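Enquirer:
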Amino acid sequence: MRSVWVTRRRIGSKSKISDDEIPPMQEVMSDRSSASVRRLQTAILRSVSRSFYLSIRFLPAPLRDPVALAYLLARTTDTVADTPRISGTLRAETLQTLSKAIQGKASRSVVVDLVASFAPLQQHTAERTLVESLPDCLEWLDHLDISDRVDVRALLEKITQGQMLDLKCFGDTAEIAALPTAADLDKYTFLVAGCVGEFWTRLGLRHIRKFARLPEDEMLALGKGYGMGLQLVNILRDAGSDLEAGRCYFPEDELTSARLTPSQILSEPERFQPIYRNWVDKAERDLECGIQYSRAIRNRRVAAATVLPGLIGARTLALLREAGATALHRKIKVSRREVREIIARLALTFAAGSKFAAVFDRCRTVSLPFTKNNYAAFP
147 MRSVWVTRRR
157 IGSKSKISDD
167 EIPPMQEVMS
177 DRSSASVRRL
187 QTAILRSVSR
197 SFYLSIRFLP
207 APLRDPVALA
217 YLLARTTDTV
227 ADTPRISGTL
237 RAETLQTLSK
247 AIQGKASRSV
257 VVDLVASFAP
267 LQQHTAERTL
277 VESLPDCLEW
287 LDHLDISDRV
297 DVRALLEKIT
307 QGQMLDLKCF
317 GDTAEIAALP
327 TAADLDKYTF
337 LVAGCVGEFW
347 TRLGLRHIRK
357 FARLPEDEML
367 ALGKGYGMGL
377 QLVNILRDAG
387 SDLEAGRCYF
397 PEDELTSARL
407 TPSQILSEPE
417 RFQPIYRNWV
427 DKAERDLECG
437 IQYSRAIRNR
447 RVAAATVLPG
457 LIGARTLALL
467 REAGATALHR
477 KIKVSRREVR
487 EIIARLALTF
497 AAGSKFAAVF
507 DRCRTVSLPF
517 TKNNYAAFP
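Be aware that the sequence shown starts at 147, since it is given in our numbering, and climbs by one per residue.
See below:
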């Protein structure tokens with residue numbers, strides 16, 4: 147299951163770090179290492195997530211490194227967790243090894259062996275290249291500012307916990323399995339995405355002066371809800387393919403109340419619609435947290451990068467609503483043209499937070515694809 151997502155120096159005073167706290171790797175990068183980082187920041191990031199690559203370009207330079215690297219590491223762990231043709235048990239063991247490598251607790255030879263074993267198993271070129279780039283990602287991690295490195299590692303520890311939960315529930319089951327309750331779904335969406343909102347908040351508070359108009363605790367709560375909402379959008383969008391793969395993220399107790407089993411959802415999608423619509427509504431409410439969160443950010447470039455995934459998510463929910471029961475049997479995706487138009491609208495409004503709610507409302511209520519004519523109707 148795909149997880150969501152969206153520094154070399156601090157702005158202002160630097161952290162007080164003693165010489166013995168700086169690891170040997172945290173020195174000036176070699177030309178080769180710098181070239182590898184540039185490749186990770188551009189070609190590889192763009193190949194694995196077009197929308198995230200677009201979002202990160204809005205960010206001020208001090209935020210780009212930890213955010214981009216955290217995303218690439220999360221996609222790498224996700225790729226390992228989703229590798230087909232091997233058992234869930236082996237994937238879980240490998241994920242644990244990868245987690246240790248990210249935490250700095252595995253040798254380079256272990257990483258090389260992991261790459262050699264898993265890269266050839268990837269069916270998509272972009273994901274194979276990503277796995278092959280793991281040593282470069284870990285070297286980049288060693289060069290981050292120590293505070294950023296600690297936060298990236300803490301984030302990846304939570305994300306891999308969520309991925310392990312996924313494998314535990316769905317790894318090797320012969321039948322379609324479901325998460326037991328809504329609380330389990332909330333736990334999962336927090337571990338793989340809600341924690342990303344908290345990570346983003348901590349980076350912003352550390353690197354950007356007067357980052358937000360709201361107190362830290364409110365920003366952390368809104369960021370958490372926003373991340374969970376983005377992951378719910380992914381779950382709703384991919385529900386059909388996940389069910390075909392034996393995974394049902396919708397709570398089993400809700401299905402039981404509707405006298406449905408996970409295996410009946412694809413064959414009886416109309417009966418499943420009330421449950422599905424409730425979760426679409428929940429995702430939309432969580433995305434509204436993202437609008438509040440983005441409006442509170444003072445830096446317009448950061449605000450624009452923050453709100454963009456939510457706008458694309460709102461548009462996705464509108465398309466899912468329009469598709470109705472057929473969404474389980476179709477690939478629903480916001481077109482590149484629509485993404486470009488949303489970005490253009492943000493640029494035209496100069497990423498003013500006061501305009502975010504209006505653009506969000508437009509994205510979630512327009513039932514037809516954007517055109518030049520109705521695009522002009524954006525507030």
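No residue lacks a Cβ here, since even glycine has one placed at the ideal position from N, Cα and C. Remember, it's a predicted structure, so these values are computed and weren't measured experimentally.
Which residues share a DSSP beta bridge with I381?
Expert: Paired residue(s): none; I381 is not in a bridge.
Enquirer: Could you tell me whether the Cβ atoms of A323 and P408 are closer together than 8 Å?
Expert: It is a contact, given that the beta carbons lie within the stated cut-off.
Enquirer: Short check: CB of T511 to CB of A464, under 8 Å?
Expert: Yes, these two residues count as a Cβ contact at 8 Å.
Enquirer: For A493 and G392, what's the separation of their Cα atoms in angstroms?
Expert: About 42 Å.
Enquirer: Please state the DSSP three-state secondary structure of I443.
Expert: Three-state result, I443: strand.
Enquirer: In its own chain, which residues sit with a C-beta less than 7 Å from the C-beta of T344, not counting the 5 before and 5 after it?
Expert: Reading the sequence as shown, one finds Glu at residue 344 and not Thr. Result list for E344: L366, G369 and K370, in chain order.
Enquirer: Going by beta carbon distance, what residues of the same chain come within less than 6 Å of F357, once the five residues before and after it are set aside?
Expert: Counting only Cβ-Cβ distances below 6 Å, and skipping sequence neighbours, we find G350 and L351.
Enquirer: Classify R237 as helix, strand or coil using the three-state DSSP reduction.
Expert: Correct three-state label for R237: helix.
Enquirer: According to DSSP, is A503 part of a helix, a strand, or is it coil?
Expert: Helix at A503.
Enquirer: DSSP three-state label for A324, please.
Expert: Strand.
Enquirer: Which one or two residues does DSSP pair with R393 in a beta bridge?
Expert: Paired residues: A323.
Enquirer: Reducing DSSP to helix, strand and coil, say where A358 ends up.
Expert: Of the three classes helix, strand and coil, the one that applies to A358 here is strand, per DSSP.
Enquirer: For L276, name the three-state secondary structure that DSSP assigns.
Expert: Three-state DSSP puts L276 in a helix.
Enquirer: For G470, count neighbouring C-beta atoms within 10 Å of its own C-beta (all shown protein chains included) and say buried if the count is 16 or more, exposed if not.
Expert: Exposed, by the Cβ-count rule.
Enquirer: Nearest-angstrom Cα distance between L412 and D297?
Expert: Taking the straight line from one Cα to the other gives about 40 Å.
Enquirer: Using the C-alpha atoms, what's the distance from I248 back to T347?
Expert: Going from the Cα of T347 to the Cα of I248 covers about 21 Å.
Enquirer: Compute the Euclidean distance between the alpha carbons of F506 and L260, then round it to the nearest angstrom.
Expert: Cα to Cα, F506 sits roughly 42 Å from L260.
Enquirer: Which same chain residues, not among the five before or five after C509, have their C-beta less than 6 Å away from its C-beta?
Expert: If we look at C509 and ignore the five residues flanking it on each side, its Cβ neighbours are L457, A460 and R461.
Enquirer: Count Cβ pairs between the stretch 225-241 and the stretch 373-385 that sit closer than 8 Å; are there 3 or more?
Expert: Because the criterion of three Cβ pairs below 8 Å is not met, the stretch 225-241 and the stretch 373-385 do not touch.
Enquirer: With DSSP run on the structure shown, which of helix, strand or coil describes D291?
Expert: It is coil, neither helix nor strand.
Enquirer: Does the distance from the CB of L209 to the CB of F198 come in under 8 Å?
Expert: Their beta carbons are not under 8 Å apart, which means L209 does not touch F198 by this criterion.
Enquirer: Write down the C-beta distance between A451 and R359 rounded to the nearest angstrom, noting that I regard them as a contact closer than 8 Å.
Expert: Not confirmed; about 17 Å, so no contact.
Enquirer: Going by DSSP in three states, K251 sits in which element: helix, strand or coil?
Expert: Residue state, collapsed to three classes: coil.
Enquirer: Please confirm if the stretch 310-321 is in contact with the stretch 231-245, defined as three or more CB-CB distances below 8 Å between the two stretches.
Expert: Yes, since at least three Cβ pairs between the stretch 310-321 and the stretch 231-245 fall closer than 8 Å, the two stretches touch.
Enquirer: Quick check on DSSP: helix, strand or coil for H270?
Expert: Coil at H270, not helix or strand.
Enquirer: Please say whether L325 and T223 have beta carbons closer to each other than 8 Å?
Expert: No, the Cβ-Cβ distance between T223 and L325 is not below 8 Å.
Enquirer: If we require 4 or more residues per run, which alpha helix (DSSP H) segments fall completely within the stretch 448-481?
Expert: Within the stretch 448-481, no complete alpha helix (DSSP H) run reaches 4 residues.
Enquirer: Helix, strand or coil, according to DSSP, for S195 in the structure here?
Expert: S195: coil per DSSP, three-state reduction.
Enquirer: Using the C-alpha atoms, what's the distance from F336 back to E434?
Expert: Computed Cα separation, rounded: 17 Å.
Enquirer: Express the C-alpha separation of L454 and I437 in angstroms, rounding to a whole number.
Expert: Roughly 10 Å separates the two Cα atoms.
Enquirer: Pick helix, strand or coil for L406, following the three-state DSSP scheme.
Expert: If DSSP states are grouped into helix, strand and coil, L406 belongs with coil.
Enquirer: So which of E430, E390 and L382 has the shortest CA-CA distance to I478?
Expert: Checking every option, the nearest Cα to that of I478 belongs to L382.
Enquirer: My guess is that L200 and C283 are in contact by the Cβ rule of under 8 Å, so how many angstroms apart are they, rounded?
Expert: About 21 Å; that fails the 8 Å criterion.
Enquirer: Mind checking whether L290 and P206 have CB atoms under 8 Å apart?
Expert: Taking 8 Å as the Cβ cut-off, L290 and P206 do not qualify as a contacting pair.
Enquirer: Select from R447, E398 and S403 the residue whose C-alpha is nearest the C-alpha of I528.
Expert: Here the chain comprises residues numbered 147 to 525, so residue 528 is not present and cannot be evaluated.
Enquirer: Is the Cβ-Cβ distance between L389 and Q309 less than 8 Å?
Expert: Contact: no.
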